[in-house]
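As structure tokens, the structure follows; a few thoughts come after it.
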Amino acid sequence: MKLLTALPLMIVCFSTKASDFKKINGALSLYQSKNHTTFSINSSLGTTSGVCEIGGELTLIDARKGQRNRWVYSDQSSMCVVLISELDNGAMQVISKDCDKHCSVTSIGSINGTYNK
Numbered sequence: 000m001k002l003l004t005a006l007p008l009m010i011v012c013f014s015t016k017a018s019d020f021k022k023i024n025g026a027l028s029l030y031q032s033k034n035h036t037t038f039s040i041n042s043s044l045g046t047t048s049g050v051c052e053i054g055g056e057l058t059l060i061d062a063r064k065g066q067r068n069r070w071v072y073s074d075q076s077s078m079c080v081v082l083i084s085e086l087d088n089g090a091m092q093v094i095s096k097d098c099d100k101h102c103s104v105t106s107i108g109s110i111n112g113t114y115n116k
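With numbering that gives the first Met the number 0 applied, the sequence shown covers 0 to 116.
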């Protein structure tokens, strides 16, 4: 019985490719499997105690000049939209709009910026 429970979990864990990116006071993780890409961002502003945490499933959209890939996240329970662009140099650029409910007052806007490997 334990094997039947562990086997599907192992398949999911080993079939997902994780990539981590960092910036000052922030971390972005992308999890890619065959059909899905999800993300997680944890960030803050300076030495404040507040954090911003957001994550979910991304939708692949057309990349623009200077980009390898581009994804968008839209929170169905709010107006929050996150655009994540993989740049030609391998860095990830994050732009968000109306995502304040995912952040404490002292960390609003901290998820925006360029994250590097």
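Glycine included, every Cβ here is placed at the ideal spot set by N, Cα and C.
On a predicted model such as this, the values are computed, not experimentally measured, just so you know.
So is serine 42 buried or exposed if we call it buried at 16+ other beta carbons inside 10 Å?
Walking along the sequence shown from the start, residue 42 turns up at place 43. With 16 or more other Cβ atoms within 10 Å, it is buried.
Less than 8 Å separating the beta-carbons of valine 81 and isoleucine 53?
By 1-based counting over the sequence shown, the position of residue 81 is 82. By 1-based counting over the sequence shown, the position of residue 53 is 54. The answer is yes: Cβ separation under 8 Å.
Would tryptophan 70 pass as a contact of threonine 36 if the rule is Cβ separation under 8 Å?
For this step, residue 70 is matched to residue 71 along the sequence shown. For this step, residue 36 is matched to residue 37 along the sequence shown. The answer is yes: Cβ separation under 8 Å.
Per DSSP, which residues does leucine 86 bridge with? Please list them.
Counting from 1 along the sequence shown, the entry for residue 86 is found at position 87. The partner list for leucine 86 (beta bridge, DSSP) reads Gln66.
Taking its Cβ as the centre, do 16 or more other Cβ atoms sit within 10 Å of asparagine 111, making it buried, or is it exposed?
Against the sequence shown, residue 111 aligns to sequence position 112. Buried: at least 16 other Cβ atoms inside 10 Å.
Starting from serine 42, trace the beta strand (DSSP E) in both directions and tell me its first and last residue.
By one-based count along the sequence shown, residue 42 stands at place 43. It spans 36-42 - the beta strand (DSSP E) in which serine 42 sits, taken as one unbroken run.
So who's on the other strand from isoleucine 53, going by DSSP bridges?
Counting from one through the sequence shown, the residue named residue 53 turns up at place 54. Note: isoleucine 53 sits in a beta bridge opposite Ile40.
Buried or exposed for valine 93, going by 16 or more other Cβ atoms inside 10 Å?
As a position in the sequence shown, residue 93 is number 94, starting the count at 1. Looking at its Cβ environment, which holds 16 or more other Cβ atoms inside 10 Å, valine 93 is buried.
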